[in-house]
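K.L.:
Chains as they are written, first to last, in my numbering: chain A, 109 to 537; chain B, 6 to 107. Here you go, one structure.
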Amino acid sequence: MLIKEVMKSVEVIKDPAVRAITYAKIGVELTRMKNPLASDAFKRALDTVYLIENPVFLLKNLSTVAYYMGKAGLKSSKRIFQQIEDDLRGLPKGDRDLVRVDIVKYLVDLDEIDEAIYHASEISDSEIKNEALLLALKRYLFKIKRTSTIRPLQIRKAEYIWQQIQKEPYYSVATFELIRTLLRVEEYDRAIYMINYLRDPLWVKQVMREVITHLKKVNVSRRYYERLVSVAIELSKRLRLDITGDLIVIFALNGEVNGALKLIRSVRDYNEMLVELSKILVKRKPDVLLTFLQKLSEDELNLASREIMNYLLEHPEKELEYLVSFIALNVTDERVLVKVVNYYLKTGDVESAVKISAKIGNEELRSLALGSIAHHLLRENRIDDAIDLVMHVKDPKLSSQLISELLVKVVRQSGGGKSGDSLQAAEKK
Amino acid sequence: MEILSRLQRKNKKEKLQFVEILLESLLSDDFKRISQNRELLIETVDEMYAILKDAVKRSKDERIMGAFESIVILRAMIEEDDISPPELLKRAKEGVEVVMGK
């Protein structure tokens, strides 16, 4: 009784489009309730839609009614979509495209992918066509669930839609979305393989980031990273654009040190890349740096450590001391050890600075290190310690300078009090 | 020369289009997903920052500058833990001093 009343009340809606859609929506609800009045609702919807005068508007609303009929499981829905396609032929191209975009959306939602592709391929404007196909693809991808038994079939269909998309940026976005879905449903091999199809370096980088991040999160086997590195090398060659540097950084920042190293060793400006990466890692991802350093050869370690120590001398962070200890223990370039001594002085660890300076074999470099320590001690007014140290400085020029400073300091201190302070102030001026 | 400048124009447009798509994606539910991974978020923002910085250098368009400024602020919010007005003033002063040859 209530339903009959509702159906009658719909007639008060003046706008035939709104009235038709309301009937169609009621039809869906009644179908769910298995109410026989459902077919009456759909019939009224169809009758009403034909009252619309504007042919484009009529066909657009007719497709909406057909969509709801499809939602209710009525086979006649497909026939109506086909009828709309036939009627469209009488309309100008632009108007046809507008209606077809709606049809594509509806058909995808109804899981009628083949039909959707057919209608999309009829769109004359290539921009609108690619956009419609991308939309169709996105909607379809959303439906694919990891646990679904028909997942392989769904992926095949999704790839079929993707193949129809040719124009940029739709093609890149489509490939990106497809790869993301493949990752979500744990089709890792396929996801990595699909990266090969990317054509734009910007998208290659973004996809690589997403893929590595995802693989890290789900903690997959190492073989996937190895495949990823191969794809990265292949893509860098094929695109003939220098994206290897970016890919190295992406791999390293995500903790994929082996991959980053393999890539570094494949580039021509290998040393520059290593230096650049060391700089980036110490600044942005120091927790990855230790693993990275542990995997380097002697020469590589010397090169990377020099850059890292340069950064740490500018930013002497105590929390990164573990990196400095590793460098001090493993580096063979004694110039780096001088930097290590200076780092320890900056962090106030004179004892470690002295220990490291004792490891330096080269006389000139050791003198430099000892000189820095002596300066530090003088600044701290530890004159006796400074004198002991200066005795070990073999470089005559440096030792002369140090002894000179030391003696002035001794005199200044012996003067004490105000005179000493005023002397210091005068010196500063 | 004309071909080269056309290619450069095309390249510039494609880069901005890439930024546009990334922004659209981040403004949808994707921001929540991406921001769960700090590194991915930082890298994504850095990529947009680099492209817009380049665009600002080449163009006099105030709107590009506006977009760039927004990304600069976003980048600072995400990447700089110890950002403060005095620190920013210090950095700005350092930059100006370098240009002034001090």
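Using N, Cα and C, we set each Cβ at its ideal position, and we do this for glycine too. Note that this is a predicted model, so its numbers are computed, not measured.
Within 10 angstroms of its Cβ, does residue 479 of chain A collect 16 or more other Cβ (buried), or is it exposed?
P.N.:
Reading the first sequence from its first residue, position 371 is the one you call residue 479 of chain A. With 16 or more other Cβ atoms inside 10 Å of its own Cβ, residue 479 of chain A counts as buried.
K.L.:
Buried or exposed: which applies to residue 262 of chain A, given that a residue is buried once 16 or more other Cβ atoms fall within 10 Å of its Cβ?
P.N.:
As a working note, residue 262 of chain A is residue 154 in the first sequence. Residue 262 of chain A should be labelled buried.
K.L.:
Consider the Cβ of residue 44 of chain B: report whether some Cβ of chain A lies at a distance smaller than 7 angstroms.
P.N.:
By one-based count along the second sequence, residue 44 of chain B stands at place 39. Yes - at least one Cβ of chain A is within 7 angstroms of the one on residue 44 of chain B.
K.L.:
Take residue 240 of chain A as the anchor and find which of A:256, A:216, A:257, A:359 has the nearest alpha-carbon.
P.N.:
For the purposes of this step, residue 240 of chain A is taken as the residue at position 132 of the first sequence. Out of A:256, A:216, A:257, A:359, A:216 has the C-alpha closest to the C-alpha of residue 240 of chain A.
K.L.:
Which whole-angstrom value is the C-beta distance of residue 419 of chain A and residue 387 of chain A, which I expect to be below 8 angstroms?
P.N.:
Working through the first sequence from its first residue, we reach residue 419 of chain A at position 311. Working through the first sequence from its first residue, we reach residue 387 of chain A at position 279. Sure, about 6 angstroms apart at Cβ, within 8 angstroms.
K.L.:
Could you tell me whether the Cβ atoms of residue 356 of chain A and residue 341 of chain A are closer together than 7 angstroms?
P.N.:
Along the first sequence, one-based indexing puts residue 356 of chain A at 248. Along the first sequence, one-based indexing puts residue 341 of chain A at 233. Not closer than 7 angstroms, so no.
K.L.:
Is there a C-beta anywhere in chain B that falls below 7 angstroms from the one on residue 216 of chain A?
P.N.:
Taking the first residue of the first sequence as 1, we reach residue 216 of chain A at position 108. With 7 angstroms as the cut-off, residue 216 of chain A does not count as an interface residue toward chain B.
K.L.:
Leaving out five residues before and five after residue 153 of chain A in sequence, what residues of the same chain have Cβ atoms less than 7 angstroms from its Cβ?
P.N.:
Against the first sequence, residue 153 of chain A aligns to sequence position 45. If we look at residue 153 of chain A and ignore the five residues flanking it on each side, its Cβ neighbours are 128, 131, 132, 135, 173.
K.L.:
Measure the Cβ-Cβ separation of residue 269 of chain A and residue 306 of chain A and say whether it is below 7 angstroms.
P.N.:
Taking the first sequence and counting its residues from 1, one reaches residue 269 of chain A at position 161. Taking the first sequence and counting its residues from 1, one reaches residue 306 of chain A at position 198. No, the pair does not count as a contact, with Cβ atoms beyond the cut-off.
K.L.:
Does any CB atom of chain A fall closer than 7 angstroms to the CB of residue 23 of chain B?
P.N.:
On the second sequence, residue 23 of chain B is found 18 positions in, with the first residue counted as 1. At least one beta carbon of chain A lies nearer than 7 angstroms to the beta carbon of residue 23 of chain B.
K.L.:
In three-state DSSP terms, what is residue 198 of chain A?
P.N.:
For the purposes of this step, residue 198 of chain A is taken as the residue at position 90 of the first sequence. The answer is coil: DSSP assigns residue 198 of chain A none of H, G, I, E or B.
K.L.:
Step through the CB atoms of chain A and report whether any lies within less than 7 angstroms of the CB of residue 83 of chain B.
P.N.:
Taking the first residue of the second sequence as position 1, residue 83 of chain B is located at position 78. No, residue 83 of chain B does not count as interfacial toward chain A.
K.L.:
Enumerated in chain order, which unbroken segments of the alpha helix (DSSP H) with a length of 4 residues or greater are wholly contained in the stretch 15 to 73 of chain B?
P.N.:
As for any alpha helix (DSSP H) of minimum length 4 sitting wholly inside the stretch 15 to 73 of chain B, the runs are 36 to 40, 43 to 63, ordered along the chain.
K.L.:
Please identify, using Cβ separations under 8 angstroms, the residues of the stretch 304 to 338 of chain A that lie next to chain B, in order along the chain.
P.N.:
308, 310, 311, 313, 314, 317, 318, 321, 325
K.L.:
By the criterion of Cβ-Cβ separation under 8 angstroms, what are the contact partners of residue 48 of chain B in chain A?
P.N.:
Within the second sequence, residue 48 of chain B is the residue found at index 43, counting from 1. Simply 317, 358, 361.
K.L.:
Quick one: what's got a C-beta closer than 6 angstroms to residue 457 of chain A's C-beta in the same chain, skipping five residues either side?
P.N.:
Here residue 457 of chain A refers to the residue found at position 349 of the first sequence. Counting only Cβ-Cβ distances below 6 angstroms, and skipping sequence neighbours, we find nothing.
K.L.:
By Cβ distance below 7 angstroms, which residues in the same chain neighbour residue 465 of chain A in space, the five residues on each side in sequence not counted?
P.N.:
The residue given as residue 465 of chain A occupies position 357 in the first sequence. Excluding sequence neighbours, residue 465 of chain A sits near 449, 474, 477, 478, 481.
K.L.:
At 4 residues or longer, what runs of the alpha helix (DSSP H) sit wholly inside the stretch 439 to 499 of chain A?
P.N.:
Those alpha helix (DSSP H) runs which fall completely within the stretch 439 to 499 of chain A and span 4+ residues are 442 to 454, 458 to 467, 471 to 487, 491 to 498.
K.L.:
Counting only beta-carbon separations shorter than 7 angstroms, does residue 293 of chain A have a partner in chain B?
P.N.:
Along the first sequence, read from residue 1 onward, the residue named residue 293 of chain A stands at position 185. Output row for residue 293 of chain A: interface = no.
K.L.:
Grouping DSSP H, G and I as helix and E and B as strand, with all else coil, what is residue 383 of chain A?
P.N.:
Along the first sequence, one-based indexing puts residue 383 of chain A at 275. Here residue 383 of chain A sits in helix by DSSP.
K.L.:
So what's residue 358 of chain A in DSSP terms, helix, strand or just coil?
P.N.:
If you number the first sequence from 1, residue 358 of chain A lands on position 250. In this structure, residue 358 of chain A counts as helix in the three-state DSSP scheme.
K.L.:
With a threshold of 7 angstroms between beta-carbons, can residue 277 of chain A be considered close to chain B, or not?
P.N.:
Counting from one through the first sequence, the residue named residue 277 of chain A turns up at place 169. By this cut-off, residue 277 of chain A is an interface position.
K.L.:
Step through the CB atoms of chain B and report whether any lies within less than 7 angstroms of the CB of residue 439 of chain A.
P.N.:
Residue mapping note: residue 439 of chain A aligns to position 331 of the first sequence, counting from 1. It does not: the Cβ of residue 439 of chain A has no partner Cβ on chain B nearer than 7 angstroms.
K.L.:
Closest by CA to residue 180 of chain A, which one among A:192, A:116, A:145, A:410?
P.N.:
Here residue 180 of chain A refers to the residue found at position 72 of the first sequence. Answer by Cα proximity: A:145.
K.L.:
Nearest-angstrom Cα distance between residue 125 of chain A and residue 207 of chain A?
P.N.:
Position 17 of the first sequence, counted from the first residue, corresponds to residue 125 of chain A. Position 99 of the first sequence, counted from the first residue, corresponds to residue 207 of chain A. If I take the Cα positions, the gap works out to 15 angstroms.
K.L.:
By a C-beta neighbour count over all protein chains shown, 10 Å radius and 16 as the cutoff for buried, is residue 381 of chain A buried or exposed?
P.N.:
Stepping through the first sequence from its first residue, residue 381 of chain A is reached at position 273. Buried, because 16 or more other Cβ atoms sit within 10 Å of the Cβ of residue 381 of chain A.
K.L.:
Taking 6 angstroms as the limit between beta carbons, can you name the residues of its chain near residue 526 of chain A, skipping five residues before and five after?
P.N.:
The residue given as residue 526 of chain A occupies position 418 in the first sequence. Note on residue 526 of chain A: pLDDT 43, under 50, position unreliable in the model; the coordinate value appears next. Correct list: empty, nothing qualifies.
K.L.:
Distance, Cα to Cα, residue 104 of chain B vs residue 97 of chain B?
P.N.:
Here residue 104 of chain B is taken as the residue at index 99 of the second sequence, counted from 1. Here residue 97 of chain B is taken as the residue at index 92 of the second sequence, counted from 1. The alpha-carbon separation between residue 104 of chain B and residue 97 of chain B amounts to approximately 11 angstroms.
K.L.:
Helix, strand or coil, according to DSSP, for residue 1 of chain B in the structure here?
P.N.:
Since the first residue of chain B shown is 6 and the last is 107, residue 1 of chain B is not available in this structure.
K.L.:
Counting only beta-carbon separations shorter than 7 angstroms, does residue 281 of chain A have a partner in chain B?
P.N.:
Numbered from 1 along the first sequence, position 173 holds the residue referred to as residue 281 of chain A. Closer than 7 angstroms: yes.
K.L.:
Does the beta-carbon of residue 293 of chain A have 16 or more other beta-carbons within 10 angstroms, so that it is buried, or is it exposed?
P.N.:
Reading the first sequence from its first residue, position 185 is the one you call residue 293 of chain A. With 16 or more Cβ atoms within 10 Å of its Cβ, residue 293 of chain A is classed as buried.
K.L.:
Going straight from the alpha carbon of residue 63 of chain B to that of residue 309 of chain A, what length do you get?
P.N.:
As a working note, residue 63 of chain B is residue 58 in the second sequence. As a working note, residue 309 of chain A is residue 201 in the first sequence. Whole-angstrom Cα-Cα distance: 21 angstroms.
K.L.:
DSSP three-state label for residue 218 of chain A, please.
P.N.:
Within the first sequence, the letter at position 110 stands for residue 218 of chain A. Looking at residue 218 of chain A - three-state DSSP - the assignment turns out to be coil, as it is neither helix nor strand.
K.L.:
Any C-beta of chain A sitting closer than 7 angstroms to the C-beta of residue 26 of chain B?
P.N.:
To locate residue 26 of chain B, count along the second sequence from 1; it is residue 21. So yes, residue 26 of chain B belongs to the interface.
K.L.:
Hey, would you say residue 88 of chain B sits closer than 7 angstroms to residue 50 of chain B, going by beta carbons?
P.N.:
Locating residue 88 of chain B in the second sequence gives position 83, where the first residue counts as 1. Locating residue 50 of chain B in the second sequence gives position 45, where the first residue counts as 1. Not in contact: residue 88 of chain B and residue 50 of chain B (Cβ atoms no closer than 7 angstroms).
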